[in-house]
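With this note's numbering as the guide, the letters of the sequence shown map in order to residues 43 to 130. Here the structure is laid out as structure tokens; the discussion comes afterwards.
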Amino acid sequence: MAGTVTTSGGNVVLTVPGPIAGGTSFTPPAVTVNVTAGAAGTPITSKYAGTSYTSPGMTMTTNVALVGNVATSCFPDPSPTLTTTTVS
């Protein structure tokens, strides 16, 4: 399933269209991010965004039969570091 990638406020936003069938496993599509190095010794770190339910790192809208659309939001606490690269 293809998605679209945009940036918003320094975050990479992956949007995946549905539907995703209930009860199935789903792996989001891979995203390649190219960054520009800063000064030597400066680390480039990637993490999941989000610090609260009002500033979530992941949101989903689920269509539930007889109810309609149900929004779900979550955030990592603490946010794990996914990758770190030190510029040399």
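Glycine included, C-beta positions come from ideal geometry on N, C-alpha and C. These figures come from a predicted structure and were not determined experimentally.
Assignment of beta strand (DSSP E) within the segment 48-121, counting only whole runs of 3 or more residues, yields 53-57, 85-89, 100-106 and 110-116 in chain order.
The Cβ-Cβ distance between Phe68 and Ser94 does not fall below 8 Å. Under the 8 Å Cβ criterion, the segment 72-91 does not count as touching the segment 102-113, having fewer than three qualifying pairs.
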